[in-house]
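*Asks:*
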Amino acid sequence: MSQWSQVQQLEIKFLEQVDQFYDDNFPMEIRHLLAQWIESQDWEAAANNEAMAMILLQNLIIQVDEQLDRVSQEKNLLLIHNLKRVRKLLQGKYHGNPMHIAVIISNCLREERRILAAASMPVQGPLEKSLQNSVVSERQRNVEHKVSAIKNSAQMTDQDVKYLEDLQEEFDFRYKTIQSLEQNDKNCALIKQEMLALQAMLNTLDYKRKEVLSKIGRVIHEIDMLMSNMLTEELLDWKRRQQIACIGGPLHGGLDQLQNCFTLLAESLFQVRRQLEKLDELLTRLTYDGDPIPVQRPQLLEKVNFLLYNLFRNSFVVERQPCMPTHPQRPMVLKTLIQFTVKLRLLIKLPELNYQIRVKATIDNNRRFVLCGTHVKAMNMDESANGSLSVEFRHLQPKEMKTSAGSKGNEGPHMVTEELHSISFETQVCLYGLTINLETSSLPVVMISNVSQLPNAWASIIWYNLSTNDPQNLSFFNNPPAATLSQLLEVLSWQFSSYVGRGLNSEQLNMLAEKLTGQQVSYNDYQLSWAKFCKEHLPGKSFTFWVWLEAILDLIKKHILPLWIDGYVMGFVSKEKERILLKDKTPGTFLLRFSESNLGGITFTWVDQLENGDVTFHSVEPYNKGRLSALPFADILRDYKVIMADNVPENPLKYLYPDIPKDKAFGKHYSCQPNEVSKPSDGGGKGYVPSVFIPVSKILNDSTEPHSPSDLLPMSPSVYAVLREHLSPTAIETAVSCKLSHL
1 MSQWSQVQQL EIKFLEQVDQ FYDDNFPMEI RHLLAQWIES QDWEAAANNE AMAMILLQNL
61 IIQVDEQLDR VSQEKNLLLI HNLKRVRKLL QGKYHGNPMH IAVIISNCLR EERRILAAAS
121 MPVQGPLEKS LQNSVVSERQ RNVEHKVSAI KNSAQMTDQD VKYLEDLQEE FDFRYKTIQS
181 LEQNDKNCAL IKQEMLALQA MLNTLDYKRK EVLSKIGRVI HEIDMLMSNM LTEELLDWKR
241 RQQIACIGGP LHGGLDQLQN CFTLLAESLF QVRRQLEKLD ELLTRLTYDG DPIPVQRPQL
301 LEKVNFLLYN LFRNSFVVER QPCMPTHPQR PMVLKTLIQF TVKLRLLIKL PELNYQIRVK
361 ATIDNNRRFV LCGTHVKAMN MDESANGSLS VEFRHLQPKE MKTSAGSKGN EGPHMVTEEL
421 HSISFETQVC LYGLTINLET SSLPVVMISN VSQLPNAWAS IIWYNLSTND PQNLSFFNNP
481 PAATLSQLLE VLSWQFSSYV GRGLNSEQLN MLAEKLTGQQ VSYNDYQLSW AKFCKEHLPG
541 KSFTFWVWLE AILDLIKKHI LPLWIDGYVM GFVSKEKERI LLKDKTPGTF LLRFSESNLG
601 GITFTWVDQL ENGDVTFHSV EPYNKGRLSA LPFADILRDY KVIMADNVPE NPLKYLYPDI
661 PKDKAFGKHY SCQPNEVSKP SDGGGKGYVP SVFIPVSKIL NDSTEPHSPS DLLPMSPSVY
721 AVLREHLSPT AIETAVSCKL SHL
């Protein structure tokens with residue numbers, strides 16, 4: 001079943017979440033019509049490879065054209081209209097930046113997987129629940145409402161300033177008219193009456209000046225309060241959501257809404273600034289005793305400038321954290337001399353700033369690393385599909401500097417993966433007489449010099465972003481805090497949903513919890529240390545919990561991904577639990593689980609029944625990536641044979657737990673039809689009998705011997721037949737038997 005088909009079967013509350021991230025940037029019609037084709041493309045790789053992204057964009061347009069031809073024949077007017085609109089969008093919006101559509105589609109697919117994983121969970125995880133707090137949503141709506149109200153107030157004050165300007169011009173005209181009269185004329189009653197009228201007009205001017213200054217003060221106060229409270233909280237929440245998204249959590253939408261709020265506030269502040277400048281102009285033409293402008297205007301202008309400085313400084317954000325194109329799902333882990341990308345945005349989108357802001361990227365201040373490549377670029381509105389004012393660095397490389405002794409600091413396989421660094425960015429905004437210096441930094445990154453360090457480096461990134469909201473605590477691992485087990489398990493499930501397309505259910509998480517703690521514990525109360533997660537070896541093992549889990553992720557991704565996505569790999573189940581699950585099942589029922597003693601290994605265990613009615617279990621030695629590279633796992637399950645006492649090979653695997661016929665579960669994943677021994681005339685060239693590899697194990701019938709896992713021996717049917725002609729059954733048994741291995 002395709003991922004999109006699974007999405008369509010979700011409950012309405014999950015479908016509403018799906019609806020939120022499909023918009024005009026990537027319409028849902030295209031996702032629906034091209035579901036299988038979209039899911040078969042590598043959008044994650046294209047998101048960091050411009051040439052590949054361009055090819056995928058062109059192919060996407062071709063797919064849309066084919067759909068357009070089909071619906072044209074069906075005369076579906078509405079769909080024809082929508083597809084033409086989508087085609088125009090794809091060509092116009094993404095032709096200059098094809099990687100952006102790859103990022104959008106990759107994010108949508110990933111978010112679908114996360115929602116599917118969440119739907120399979122009995123309850124929503126604590127982290128995700130906190131990010132979807134109804135109070136937060138209400139605050140977002142309040143911010144947008146207040147920003148709109150502030151904008152309206154600033155525009156209405158513009159009208160008051162214009163009325164004040166007109167009133168003062170009338171006063172100037174009438175006053176100068178009286179001043180131009182001869183002295184004798186000024187003594188007449190009519191002139192005296194006019195002077196009284198002018199005094200009344202001056203009183204009105206004074207009142208209007210005070211009223212305008214009061215309204216300007218209220219607008220400034222409203223902006224100040226909004227920036228100090230709700231807008232700051234919104235920005236901090238977005239940054240927290242970005243942290244969580246970087247380690248596999250829900251997508252961190254909302255930046256466009258923040259940009260709209262920041263831009264409207266900046267426009268309002270500049271509008272107020274112009275109003276104060278107009279008042280200064282009016283002041284130079286007319287002042288009087290008790291004039292409020294020279295008293296209040298300097299203070300108001302100072303406050304406006306202060307708010308503009310703060311607004312600009314907060315608006316300079318890292319939109320997409322540093323990430324190597326080769327590892328798009330492991331952001332903030334950077335390898336020396338390997339390019340990484342990072343994107344910044346100024347949330348104040350003003351046309352006057354297009355191509356006027358040059359951003360410089362640097363790393364740390366300890367002179368240990370330097371950035372090679374293009375590290376100064378101008379922000380613009382042309383590269384982003386949504387027209388945001390942004391800049392993307394695509395060719396930066398970290399390089400470790402040599403020490404005074406001529407050698408590199410920690411370069412090599414033992415570079416400390418708990419050492420945090422920061423990529424910093426600085427720029428300067430010059431606008432309307434203001435000069436504002438801006439600085440921002442990425443979330444802490446971990447530097448590695450060898451890909452073998454990637455798993456532990458990623459563990460550091462997970463722990464940091466799970467445990468703290470602080471975006472710049474580079475000394476975090478000097479004394480890393482413990483993490484709540486419930487939150488950690490939720491993040492571990494995200495690793496599976498984001499990396500291999502299917503998250504973990506409660507039973508699987510229970511097994512991981514027991515493995516981490518060595519006991520059955522309450523998720524909500526238990527605090528797990530960093531050392532327990534990533535530093536200390538598992539009891540009786542030569543590796544840590546995280547190394548074991550990372551090896552399983554790698555195994556799934558490279559060798560059993562379709563089986564995992566279909567939900568046929570139970571995976572995380574202890575040997576004791578698998579016996580409980582299988583003991584009452586039909587003989588030949590089996591399940592698939594990950595090895596607890598072998599890194600990156602998967603095994604299967606089946607239940608059998610002895611002649612006396614006793615139940616017995618058999619587990620094959622775990623298959624690792626070496627074996628699975630030679631033979632697909634689905635084919636192994638199909639062709640697996642055991643040699644019993646009568647020396648007749650047979651496949652003991654009948655039903656996938658709980659009762660799914662094996663071929664029904666795995667049939668679509670077989671690489672070809674079951675292998676049969678062919679006659680020479682039916683086989684390959686030159687009369688050879690085609691050979692196939694069949695996994696074979698021997699099970700001893702001696703009741704004194706334990707039923708334990710035995711090794712895999714690749715053997716073709718023809719070879720087995722020849723062996724039977726020349727060797728005794730005992731000799732064959734000795735040849736195919738291997739050293740018993742405990743799982």
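Going letter by letter, the sequence shown gives residues 1 to 743 in UniProt numbering.
All residues carry an ideal CB built from backbone N, CA and C; glycine is no exception.
How is the alpha helix (DSSP H) around His-221 delimited, first residue to last?
*Replies:* Your numbering for residue 221 matches position 221 in the sequence shown. Start and end: 189 to 226.
*Asks:* Jot down the residue ranges of each uninterrupted beta strand (DSSP E) in the stretch 327 to 372, minimum 3 residues, whole runs only, in chain order.
*Replies:* 333 to 335, 340 to 346, 358 to 363 and 369 to 372, all fully within the stretch 327 to 372.
*Asks:* Considering only heavy atoms of the ligand FMN, does any lie closer than 8 Å to the CB of Thr-544?
*Replies:* This structure lacks the ligand FMN; in fact it carries no ligand of any kind.
*Asks:* Between Leu-350 and Val-304, how many whole angstroms is the CB-CB distance? I'm expecting something under 8 Å.
*Replies:* Walking along the sequence shown from the start, residue 350 turns up at place 350. Walking along the sequence shown from the start, residue 304 turns up at place 304. Their Cβ separation, rounded to whole angstroms, is 16 Å, which puts Leu-350 and Val-304 out of contact at 8 Å.
*Asks:* Determine whether the beta carbon atoms of Glu-383 and Leu-344 lie at a separation below 9 Å.
*Replies:* Taking the sequence shown and counting its residues from 1, one reaches residue 383 at position 383. Taking the sequence shown and counting its residues from 1, one reaches residue 344 at position 344. No, the Cβ-Cβ distance between Glu-383 and Leu-344 is not below 9 Å.
*Asks:* How many Å lie between Ser-180 and Leu-301 at the Cα?
*Replies:* Here residue 180 refers to the residue found at position 180 when the sequence shown is read from its first residue. Here residue 301 refers to the residue found at position 301 when the sequence shown is read from its first residue. Their Cα atoms are separated by approximately 37 Å.
*Asks:* Please state if the CB of Thr-605 and the CB of Lys-575 are separated by a distance shorter than 9 Å.
*Replies:* Position 575 of the sequence shown holds residue 575. Position 605 of the sequence shown holds residue 605. Going by C-beta atoms, Lys-575 is nearer than 9 Å to Thr-605.
*Asks:* What separation, rounded to the nearest whole angstrom, lies between the Cα atoms of Arg-313 and Glu-111?
*Replies:* For the purposes of this step, residue 313 is taken as residue 313 along the sequence shown, with counting starting at 1. For the purposes of this step, residue 111 is taken as residue 111 along the sequence shown, with counting starting at 1. Rounded to whole angstroms, Arg-313 to Glu-111 spans 31 Å at the Cα level.
*Asks:* Exposed or buried, which one is Phe-594 when buried takes at least 16 other CB atoms within 10 Å?
*Replies:* Position 594 of the sequence shown, counted from the first residue, corresponds to residue 594. The residue is buried, with at least 16 neighbouring Cβ atoms inside 10 Å.
*Asks:* If you draw a straight line from the alpha carbon of Val-7 to that of Ser-106, how long is it in whole angstroms?
*Replies:* For the purposes of this step, residue 7 is taken as the residue at position 7 of the sequence shown. For the purposes of this step, residue 106 is taken as the residue at position 106 of the sequence shown. About 16 Å.
*Asks:* Residues in its own chain within less than 6 Å of Glu-16 by CB, not counting five upstream and five downstream?
*Replies:* In the sequence shown, residue 16 corresponds to position 16, counting from 1. So no residue of the chain qualifies.
*Asks:* Could you tell me the boundaries of the alpha helix (DSSP H) in which Gln-242 lies?
*Replies:* The count along the sequence shown starts at 1 and reaches residue 242 at position 242. In this chain, the alpha helix (DSSP H) harbouring Gln-242 covers 232 to 246.
*Asks:* Helix, strand or coil for Gly-684? Go by DSSP, reduced to three states.
*Replies:* Position 684 of the sequence shown holds residue 684. Any reading at Gly-684 is ruled out, since the residue's pLDDT is 47, under 50, leaving its predicted position unreliable.
*Asks:* Based on the DSSP secondary-structure assignment, which residues constitute the bridge partners of His-81?
*Replies:* The residue labelled residue 81 in the question sits at position 81 within the sequence shown. Answer by DSSP bridge pairing: none, since His-81 is not bridged.
*Asks:* Short of 6 Å in beta carbon distance, which residues of its chain neighbour Cys-534, apart from the five on each side in sequence? Order them along the chain.
*Replies:* Here residue 534 corresponds to residue number 534 of the sequence shown, with the count starting at 1. Leaving aside the five residues that flank Cys-534 on each side, the residues in its chain whose CB is nearer than 6 Å to its CB run, in chain order, Ala-459, Thr-544 and Trp-546.
*Asks:* Is there contact here, the stretch 279 to 286 with the stretch 226 to 237, by at least three beta-carbon pairs under 8 Å?
*Replies:* no
*Asks:* Contact between the stretch 608 to 622 and the stretch 569 to 588: three or more CB pairs below 8 Å?
*Replies:* yes
*Asks:* On a Cα-Cα basis, can you pick out the residue from Leu-555, Thr-589, Ile-565 and Gln-609 that is closest to Asn-598?
*Replies:* As a working mapping, residue 598 is identified with position 598 in the sequence shown. It is Leu-555.
*Asks:* Relative to the C-alpha of Glu-514, which candidate in Ser-486, Pro-562, Gly-588 and Asn-651 has its C-alpha closest?
*Replies:* Counting from one through the sequence shown, the residue named residue 514 turns up at place 514. With distances taken between Cα atoms, Glu-514 lies closest to Ser-486.
*Asks:* Report yes if the C-beta distance between Pro-480 and Glu-400 is below 9 Å; otherwise report no.
*Replies:* Position 480 of the sequence shown, counted from the start, is the residue given in the question as residue 480. Position 400 of the sequence shown, counted from the start, is the residue given in the question as residue 400. No. Outside cutoff.
*Asks:* Which residues in the same chain have their Cβ closer than 7 Å to the Cβ of Glu-676, if we skip the five residues on either side of it in sequence?
*Replies:* Residue numbering aside, residue 676 sits at position 676 when the sequence shown is read from its first letter. Any answer about Glu-676 is weak, because its pLDDT of 45 lies below 50 and its placement is not dependable; what the coordinates show is given next. The answer is none, since no qualifying residue turns up.
*Asks:* The alpha helix (DSSP H) spanning Pro-14 covers which residue range?
*Replies:* In the sequence shown, residue 14 corresponds to position 14, counting from 1. A small correction: the amino acid at residue 14 is Phe; Pro does not occupy that position in the sequence shown. It spans 12 to 20 - the alpha helix (DSSP H) in which Phe-14 sits, taken as one unbroken run.
*Asks:* Is Thr-544 helix, strand or coil when you go by DSSP?
*Replies:* The residue you call residue 544 lines up with position 544 of the sequence shown. Thr-544: strand per DSSP, three-state reduction.
*Asks:* Just to confirm my understanding: we take Ser-671, look at its own chain, exclude 5 residues before and 5 after, and list those with CB closer than 8 Å. What are they?
*Replies:* Here residue 671 refers to the residue found at position 671 when the sequence shown is read from its first residue. Counting only Cβ-Cβ distances below 8 Å, and skipping sequence neighbours, we find Pro-632, Ala-634 and Asp-635.
*Asks:* Could you pull out every residue in the same chain whose Cβ sits closer than 6 Å to the Cβ of Gly-387, ignoring the five residues on either side in sequence?
*Replies:* The residue labelled residue 387 in the question sits at position 387 within the sequence shown. Cβ neighbours of Gly-387 beyond the five flanking positions: Met-381.
*Asks:* If you measure between the beta carbons of Lys-641 and Val-607, is that distance less than 9 Å?
*Replies:* In the sequence shown, counting from the first residue as 1, residue 641 sits at position 641. In the sequence shown, counting from the first residue as 1, residue 607 sits at position 607. For Lys-641 and Val-607, no; Cβs fall outside 9 Å.
*Asks:* In this structure, how does DSSP classify Asp-608 when only helix, strand and coil are distinguished?
*Replies:* In the sequence shown, the residue the question calls residue 608 occupies position 608. Three-state result, Asp-608: strand.
*Asks:* Should Phe-26 and Ile-104 be called a contact, given that it needs their Cβ atoms to be closer than 9 Å?
*Replies:* Residue mapping note: residue 26 aligns to position 26 of the sequence shown, counting from 1. Residue mapping note: residue 104 aligns to position 104 of the sequence shown, counting from 1. It is a contact, given that the beta carbons lie within the stated cut-off.
*Asks:* Tell me the DSSP secondary structure of Arg-114 in three-state form.
*Replies:* Position 114 of the sequence shown holds residue 114. If DSSP states are grouped into helix, strand and coil, Arg-114 belongs with the helices.
*Asks:* Taking 8 Å as the threshold, find out whether the stretch 51 to 71 comes into contact with the stretch 85 to 100 through three or more Cβ pairs.
*Replies:* yes
*Asks:* Cα separation between Leu-553 and Pro-562?
*Replies:* For the purposes of this step, residue 553 is identified with residue 553 of the sequence shown, where counting begins at 1. For the purposes of this step, residue 562 is identified with residue 562 of the sequence shown, where counting begins at 1. Rounded to the nearest angstrom, the two C-alpha atoms are 13 Å apart.
*Asks:* Does the distance from the CB of Ile-220 to the CB of Val-272 come in under 9 Å?
*Replies:* Translated into positions along the sequence shown, residue 220 becomes position 220. Translated into positions along the sequence shown, residue 272 becomes position 272. Taking 9 Å as the Cβ cut-off, Ile-220 and Val-272 qualify as a contacting pair.
*Asks:* Of all the options Val-429, Lys-215 and Tyr-288, which has the alpha carbon lying nearest to the alpha carbon of Asn-203?
*Replies:* For this step, residue 203 is matched to residue 203 along the sequence shown. Residue Tyr-288 is the option with its Cα nearest to Asn-203.
*Asks:* With DSSP collapsed to three states, give me the class of residue 745.
*Replies:* It is not possible to answer for residue 745, since the shown part of the chain is limited to 1 through 743.
*Asks:* Use the C-beta contact count for Trp-548: other C-beta atoms within 10 angstroms, 16 or more gives buried, fewer gives exposed.
*Replies:* Within the sequence shown, numbered from 1, the residue matching residue 548 stands at position 548. Its Cβ being crowded by 16 or more others within 10 Å, Trp-548 is buried.
*Asks:* Please say whether Leu-528 and Ala-457 have beta carbons closer to each other than 9 Å?
*Replies:* Here residue 457 corresponds to residue number 457 of the sequence shown, with the count starting at 1. Here residue 528 corresponds to residue number 528 of the sequence shown, with the count starting at 1. No, they are not a contact pair.
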